[in-house]
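Sequential numbering of the sequence shown, starting at 8, is according to the numbering used here.
Beta carbons are placed, not taken as given, at the ideal position from N, Cα and C, and that holds for glycine.
Note that the coordinates shown come from a computational prediction; the quantities given were computed from them, not determined experimentally.
Please read the structure below before turning to the comments.
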Amino acid sequence: MAAFTAYRIFENDGKSAGRFVELTLDDLDPGEVVIQAHYSSVNYKDALAATGAGKVIRRFPCVGGIDVSGVVASSSDARFKAGDKVLVTGYDMGVAHDGGYAEYVRVPADWVVPLPQKLTLFDAMALGTAGFTAALSIHRLEQNELRPENGKVLVTGATGGVSSVVIVMLAQLGYHVVALTGKDSEHDYLKSLGASEILSRKDVQMGSRPLEKAQWAGALDAVGGETLAWLTRTMQQNGVMASFGNAGGIELHTTVLPFILRGVRLIGIDSAATAMTLRRQIWQRLASDLYPRLLAQVAHTVPFAGLQQVFPQLLQGKQRGRSVVEIKAPG
Ligand SMILES: NC(=O)c1ccc[n+]([C@@H]2O[C@H](COP(=O)([O-])OP(=O)(O)OC[C@H]3O[C@@H](n4cnc5c(N)ncnc54)[C@H](OP(=O)(O)O)[C@@H]3O)[C@@H](O)[C@H]2O)c1
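Right under this line is the structure:
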């Protein structure tokens with residue numbers, strides 16, 4: 008196979024940075040399945056990896072991109088054959104195994120998910136790790152008895168990739184969604200996604216008592232830090248919260264009182280390591296009841312060559328919705 012283009016991240020003098028390079032299949036990490044990539048996406052983790060703003064890459068050099076969708080070019084594993092439409096998200100992709108920012112991607116067969124019939128390869132990456140994380144978080148909250156009739160559900164980092172999708176999904180499931188955002192210019196956008204109420208980050212009085220006024224039946228948190236601590240203090244009796252992100256910090260200072268006096272449950276979400284059985288179940292939900300009807304509104308396309316312009320926007324919290332990277336021109 009001829010050389011192809013990849014966006015690979017290198018480390019020099021302790022600093023990491025990505026650039027476009029020409030590779031051949033022999034340069035890629037081993038795996039049974041070679042995928043001709045059609046789309047990838049840009050997640051917060053991708054921006055941390057590509058710029059070195061976060062120490063997420065565990066092996067250099069590494070082709071970036073934690074997500075990919077495309078068509079199998081060849082497979083030495085009987086579960087897949089040339090021409091199959093597939094997707095891969097998470098595992099070690101883009102952090103310790105060459106990832107999705109390349110025209111060809113080679114991965115272990117155990118990581119590959121057949122594209123659900125009702126999704127296109129574009130849909131799969133408009134969703135990507137973000138959509139998968141959104142669906143997994145909602146699934147886990149529902150397993151913990153969250154229902155629309157229980158009360159309001161708060162979504163933090165609301166305009167972000169994961170949270171935008173969460174809002175659309177919750178609204179179509181009939182939840183009363185309250186969106187917490189730092190972007191005052193985006194209130195109309197959040198309402199158009201299905202948020203019933205919007206809270207401005209600068210206006211929220213977080214208080215400091217171990218228990219504040221109980222407000223939320225459910226919460227999905229992209230932010231961590233003080234925001235997550237405030238959430239623990241303001242959950243209703245038997246409230247259930249999912250922590251999936253740390254855009255605002257990794258610390259969590261709270262007390263046990265929300266847990267022992269209000270029965271609050273805090274559920275951790277790790278999309279990358281989700282086992283294949285649950286992973287396929289979540290992708291089937293993404294293709295059915297959790298398919299975000301407003302996906303086109305949330306997702307926009309970025310040409311492969313324009314990839315690097317997205318990273319700083321994401322890191323500065325200026326990004327809205329999902330960036331789908333077009334690796335192979337359609338047609
Ligand atoms: N656990 C998992 O499996 C998993 C999977 C995917 C993502 N994640 C994590 O989830 C988080 C969101 O990912 P994403 O891809 O959706 O990123 P994203 O598109 O950059 O969204 C993050 C959002 O958080 C808000 N935010 C940013 N900086 C903040 C700050 N300093 N304080 C408070 N809010 C801030 C912004 O929303 P507003 O301006 O609207 O407030 C921003 O749009 C990241 O931490 C990511 O690493 C985890």
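Residue i beta carbon near ligand 1 (any heavy atom closer than 7 angstroms)
i: L35; result: no
i: V102; result: no
i: Q326; result: yes
i: R5; result: No information on residue 5 is available, as it lies outside the stretch 8 to 338 that the chain covers here.
i: T58; result: no
i: A282; result: no
i: L321; result: yes
i: Y98; result: no
i: V230; result: yes
i: Y51; result: yes
i: F251; result: yes
i: A279; result: yes
i: V160; result: no
i: A254; result: yes
i: A137; result: yes
i: V247; result: no
i: G90; result: no
i: I276; result: yes
i: A165; result: yes
i: V169; result: yes
Three-way DSSP call (helix, strand, coil) for residue i in this model
i: P115; result: coil
i: V247; result: strand
i: P299; result: coil
i: T12; result: strand
i: Q179; result: helix
i: L206; result: strand
i: I73; result: coil
i: A56; result: helix
i: K92; result: strand
i: T308; result: strand
i: S278; result: coil
i: H104; result: strand
i: R286; result: helix
i: K335; result: coil
i: E110; result: coil
i: K22; result: strand
i: Y196; result: helix
i: R240; result: helix
i: G272; result: Here residue 272 is Arg; the residue named in the question, Gly, does not match the sequence. R272 falls in the strand class under three-state DSSP.
i: F17; result: strand
Worksheet item: Are at least three pairs of beta-carbons, each pair with one atom in the stretch 116 to 129 and one in the stretch 48 to 62, less than 8 angstroms apart?
Response: no
Worksheet item: In the stretch 122 to 159, which residue ranges form an unbroken beta strand (DSSP E) of at least 3 residues, counting only runs that do not cross its ends?
Response: none
Discussion item. Under 8 angstroms, with one C-beta from each stretch per pair, do the stretch 133 to 140 and the stretch 9 to 24 reach the 3-pair mark?
Written reply: no
Worksheet item: Within the chosen definition, does the stretch 214 to 227 reach the stretch 238 to 252 through at least 3 CB pairs nearer than 8 angstroms?
Response: yes
Worksheet item: Counting Cβ pairs closer than 8 angstroms, one from the stretch 159 to 170 and one from the stretch 186 to 202, do we hit at least three?
Response: yes
Fill in: the stretch 165 to 182 contacting the stretch 237 to 244, beta-carbon criterion three pairs below 8 angstroms
no
Worksheet item: With contact counted as at least three CB pairs below 8 angstroms, one residue from each stretch, are the stretch 191 to 203 and the stretch 231 to 241 in contact?
Response: no
Worksheet item: Can at least three beta-carbon pairs, one atom from the stretch 253 to 269 and one from the stretch 283 to 295, be found at a separation below 8 angstroms?
Response: no
Discussion item. For the pair the stretch 142 to 155 and the stretch 86 to 95, tell me if three or more CB-CB distances fall below 8 angstroms.
Written reply: no
Item to complete: May I ask you to verify whether the stretch 290 to 301 touches the stretch 30 to 49, counting CB pairs closer than 8 angstroms and requiring at least 3?
Response: no
Worksheet item: Between the stretch 204 to 214 and the stretch 315 to 333, are three or more C-beta pairs nearer than 8 angstroms?
Response: no
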